[in-house]
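So the structure is just underneath, and the comments pick up after that.
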Amino acid sequence: MKSIKNVLLASAMVILSANVFAGTAVYGDYGVHHDSKIITTQTVDTKEAAYSLGLEKSNQLKSESGSELSTELAPFLASSIERNSITLDDNTFITVKESLNAQGDTAYSGLVNVTYSYSQAN
Numbered sequence: 080m081k082s083i084k085n086v087l088l089a090s091a092m093v094i095l096s097a098n099v100f101a102g103t104a105v106y107g108d109y110g111v112h113h114d115s116k117i118i119t120t121q122t123v124d125t126k127e128a129a130y131s132l133g134l135e136k137s138n139q140l141k142s143e144s145g146s147e148l149s150t151e152l153a154p155f156l157a158s159s160i161e162r163n164s165i166t167l168d169d170n171t172f173i174t175v176k177e178s179l180n181a182q183g184d185t186a187y188s189g190l191v192n193v194t195y196s197y198s199q200a201n
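Written out as structure tokens, the structure is:
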């Protein structure tokens with residue numbers, strides 16, 4: 080009889096603690112959201128330099144933590160975002176914007192097109 084109680088108790092403990100090992104739990108009323116943003120680099124004289132700045136910015140974003148990304152990508156949502164939940168999606172790409180400055184010279188800016196996901200309180 081005692082061994083049956085021990086087996087039932089052990090089984091109950093395993094079942095009730097299984098969610099601890101299932102992964103990171105998000106408590107409360109949170110949902111996963113997706114968004115995108117275009118980050119503009121400084122203006123430079125050549126297209127190549129604009130692409131280079133865009134690539135540097137893209138690499139910087141890829142190396143940042145979720146907390147750093149939340150400050151950079153979604154500062155207006157920072158209070159309701161789970162701080163470390165922001166992750167970059169794989170489809171980041173760089174384009175270049177060509178413009179004419181006040182002196183009539185052509186200028187270029189790198190545009191880093193980023194899509195990301197995050198957990199936010201509903």
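Add 79 to a position in the sequence shown, counting from 1, and you land on the number used in this note's numbering.
In this text, a Cβ means the ideal position worked out from N, Cα and C, and glycines have one as well.
Because the structure is a prediction, the values reported are computed rather than measured.
Sort the options by Cα distance to residue i and report the nearest one.
i    : options                   : result
E177 : Q139, L190, D168 and Y197 : L190
D184 : G110, T122 and D114       : T122
N170 : T119, G110, K141 and L132 : K141
I118 : K136, D124 and E143       : K136
Under 8 Å Cβ to Cβ from residue i, same chain only, skipping five residues before and after it: list those, please.
i    : result
A181 : none
Q139 : none
H112 : S196, Y197, S198 and Q199
A202 : Only positions 80 to 201 of the chain appear in the structure, and residue 202 is not among them; the question remains open.
Y130 : I173, V175 and G189
S144 : N163
L179 : T185 and A186
Name, in chain order, the residues that DSSP records as bridge partners for residue i.
i    : result
N192 : I117 and F172
Y197 : H112
Y187 : V123 and E177
L167 : Y195
Grab me the residues of residue i's own chain with a C-beta within less than 7 Å of its C-beta, minus the 5 sequence neighbours each way, in chain order.
i    : result
F100 : Only weak support exists for where F100 lies, its pLDDT of 44 falling under 50; the coordinates are left without a value.
L134 : I173
If residue i sits next to residue j, beta carbons under 8 Å apart, how far is it from one beta carbon to the other, in whole angstroms?
i    : j    : result
L152 : K126 : Not quite, the Cβ-Cβ distance comes to about 26 Å (not below 8 Å), so this is no contact.
Y69  : I165 : What the structure shows of the chain is the stretch from 80 to 201, and residue 69 is not part of that stretch, so it cannot be assessed.
D168 : T194 : 4 Å
Go through its chain and collect everything with a Cβ distance to residue i's Cβ below 6 Å, but skip five positions before and after it.
i    : result
V105 : Confidence at V105 is low in this model, with a pLDDT of 49, below 50, so the placement of that residue is unreliable and no value is reported for it.
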